[in-house]
Amino acid sequence: MTIGDEWAESSGVDPWAAHLPGQELVPTYLASRYAAQYRAIVDVMLEAQDTSLTGLSYSDIETRLRALLAERTEAVVADRLLREEVFALDARLDSLVKWEVLTRWQEPARTGEDFLRRRDRFQLTPKAARLHTFWTSELTSDEDAAADLTLAPRAIHDRLAQFAAAVRERRFPAAAAEYQQIITVHHGMAVAARTWQRSLAHALSGGPDADKQDALWRTLQSYIGMWGEQVDIYTPAVAEMIAELEPQLTESVWRACVLGALPGDAAAAVVDNQAQRWARTWEALRTWFAGADGQARRLRRQLRDLVAPWARNMHILMDTGGALTRGSELLALARAIERAPDDETAWQMWDTAVGVFPARHLLIPADGPDEHTVGWEDAEAAPITARFREFGHRAAVGKRTRAIDNSAGRAAARRARVAALAQRRAAEATLRTRSGTAMADWEPLSAAELQLLQEFLAVARVRSGESKRSEVTEDGRWRVTLTGPPDGTVAELPSPVGRLVTRNWLFELEPTGSESTTLERRDRNQG
């Protein structure tokens, strides 16, 4: 078997390869048909680097592979997997060497016995070690590192205050120590933010399913649990510190801070590179926290805007898979069992509900007087009448088991859905009559009107720097236009479920083309 048998190599010359990086052979072992075997070899090689800097011999690799399999499988399975016809270690090592995953060399022979034994030694190449570390640990380390960032904005705020004080007092070694902590915390924040954004990008693409909904919910909970309102509390203070201190951070100040963290005889090139890196981190901090459109606020808005699609996708999945469950019946059964007078009655209720009944025996006449002493496994086969063959395992006597009737639940669900749709249509009609007016002049809202208004406000929310915003709802039926008040007044809208306090928007609600046709047809029918 050759390497070409394990993975498809394109034929011909790629003209792109003359201008851009081309094929990489190192990741081939991850996509090979024997990927499990290759990954086991690389696993033991990577683990050995913690204790050995001179690689592993052929026999050491074989021993460590057996130990690895013994930890994860039974001894019989390990022996079967390590047989020559299943696992050709020589061929696997040759392939890894050709793919530049392993480096192979031979130990020098110092005795006569050395010439008789296999002297090959193997070590992972640096690129392969970094790649496999990414696959084995970095995929989960993002979430592990993010779990330590509960007070990250506060930590940056406190360290930044100490850094500013040290810079003003020209205590550059102390300033360097504080700034190095800021770099570490900022890096952790960036890793956590990338983790959440990758999860959001995947979960919001394509059609909704249960796994994507679960990923969205876990991402939202992770953000709230780790940072919560920390971004809102400390972002203005951090932005103010950055604005005050930035004029003082000249190139000479950055060099002085770097020299406070490096030895006195550090090369000028090293100092310059470090100063530039620290300046780039400062620019990244300013991008994170300063301005109305900073990365911290933008991430918070992304997580806030996650609620609406998550709820919509849940509604779609429930409509597709059926919203009726057996929850109410299980709760009724639990209440009945809890109120049972004794344990025997409670167990009887449970057995009846789940269909646990004692075995039923067929009474068939015996052929001889001693047939009752013969065990069922030794007895002759008994003839089964056509009646029992027709009805199968069902009892021939007593009341037949009735099928579960869910018609009442489905009818109730349909009525609830029709009622909710009617309330929404009524709320749309009421809000349509208030189009073109300021919200401060409105009468109190009903619960359905308040919910619908909140949806419209989310659709046409006005971003910073804008005074007017017009958007079409997701169902394409309405165009919502919000115009901000020039005097900055606030409207308070009471409802049975609470009060909504917002800007005194000039609210406009116009039907789109399809909805206008529907409304005109309805008006003609009513006329």
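Going by our numbering, the final residue of the sequence shown carries number 1011, and the count climbs one at a time with no gaps.
Built from N, CA and C at the ideal position, the CB exists for glycine as well.
Cutoff 6 Å; reference residue i; Cβ partners in own chain excluding five residues on either side
i	result
Ala721	His641
Thr965	Ser954, Glu992
Arg878	Note that Arg878 scores 47 on pLDDT, short of 50, meaning its location in the model is unreliable and no value can be drawn from it.
Ala659	Phe647, Ala650, Val651, Cys741
Phe940	Val964
Ser919	Glu992, Leu993
Tyr718	Pro637, Arg638, His641
Between the CA atoms of residue j and residue i - distance to the nearest angstrom
i	j	result
Glu992	Leu929	16 Å
Gly972	Arg987	7 Å
Arg678	Leu577	36 Å
Asp889	Glu955	46 Å
Asp789	Leu729	33 Å
Ala895	Leu814	19 Å
Arg567	Leu552	15 Å
Gln533	Gly775	47 Å
Leu688	Thr957	18 Å
Ala575	His503	34 Å
Gly882	Val838	Low confidence applies here, because Gly882 scores a pLDDT of 46, under 50, leaving its location unreliable; read the following figure in that light. Looking at the two C-alpha atoms, the distance is approximately 18 Å.
Pro970	Leu990	10 Å
Glu994	Arg898	30 Å
Arg548	Arg517	22 Å
Phe656	Trp680	36 Å
Arg782	Phe773	10 Å
Lys952	Met923	15 Å
Ala906	Gly960	19 Å
Ala904	Val981	17 Å
Thr921	Ala792	27 Å
Leu565	Glu555	14 Å
Asp563	Thr535	26 Å
Tyr707	Arg682	13 Å
Closest Cα partner of residue i within the set the options
i	options	result
Glu724	Gln760, Arg770, Pro747	Arg770
Thr538	Ala816, Gln607, Arg614	Gln607
Val528	Arg550, Tyr518, Thr512, Glu508	Arg550
Leu540	Arg916, Glu976, Arg781, Arg602	Arg602
Thr765	Arg643, Gln664, Asp604, Thr719	Gln664
Arg785	Ala752, Leu684, Phe618	Leu684
Lys582	Ala612, Glu569, Glu555, Leu565	Ala612
Tyr542	Glu822, Leu573, Pro825, Arg614	Leu573
Ala645	Arg605, Trp619, Met673, Ala727	Ala727
Residue i classed as buried or exposed, judged by whether at least 16 other C-beta atoms fall within 10 angstroms
i	result
His671	exposed
Gln758	buried
Ile545	buried
Pro978	exposed
Gln590	exposed
Thr595	exposed
Val715	buried
Thr668	exposed
Pro747	exposed
Leu700	buried
Trp962	buried
Glu662	buried
Gly778	buried
Pro637	buried
Arg654	exposed
Gln760	exposed
Phe571	buried
Glu933	buried
Gln705	exposed
Ala931	exposed
Glu901	Checking the sequence shown, residue 901 turns out to be Arg, not Glu. Per the 10 Å Cβ criterion, exposed.
Ala865	exposed
Ala816	exposed
Trp1031	The question about residue 1031 has no answer here: the residues shown for the chain are numbered 485 through 1011.
Same chain, Cβ closer than 7 Å to residue i, neighbours up to 5 away in sequence not counted
i	result
His616	Val526, Leu530
Glu950	none
Tyr522	Tyr513, Ser516, Arg576, Leu580
Ala519	Tyr513
Own chain, CB closer than 8 Å to residue i, minus 5 neighbours either side, in chain order
i	result
Thr609	Val510, Glu584, Val585, Leu586, Thr587
Gln697	Ala687, Trp794, Asn797, Met798, Leu801
Leu936	Arg908, Ala911, Glu912, Leu915
Leu733	Val651, Ala763, Trp766
task: Jot down the residue ranges of each uninterrupted alpha helix (DSSP H) in the segment 918–969, minimum 4 residues, whole runs only, in chain order.
output: 931–943
- request: Enumerate, from N- to C-terminal direction, the unbroken alpha helix (DSSP H) stretches of 4 or more residues contained entirely within the segment 702–751.
  value: Correct list: 714–729, 735–745.
- prompt: Quick one: complete beta strand (DSSP E) runs, 3+ long, within the segment 536–601?
  reply: 586–590
message: Please give me, in chain order, every unbroken run of the alpha helix (DSSP H) with length at least 4 that falls completely inside the segment 764–838.
response: Entirely contained in the segment 764–838, the alpha helix (DSSP H) runs reaching 4 residues are, in chain order, 779–788, 791–805, 811–822, 827–838.
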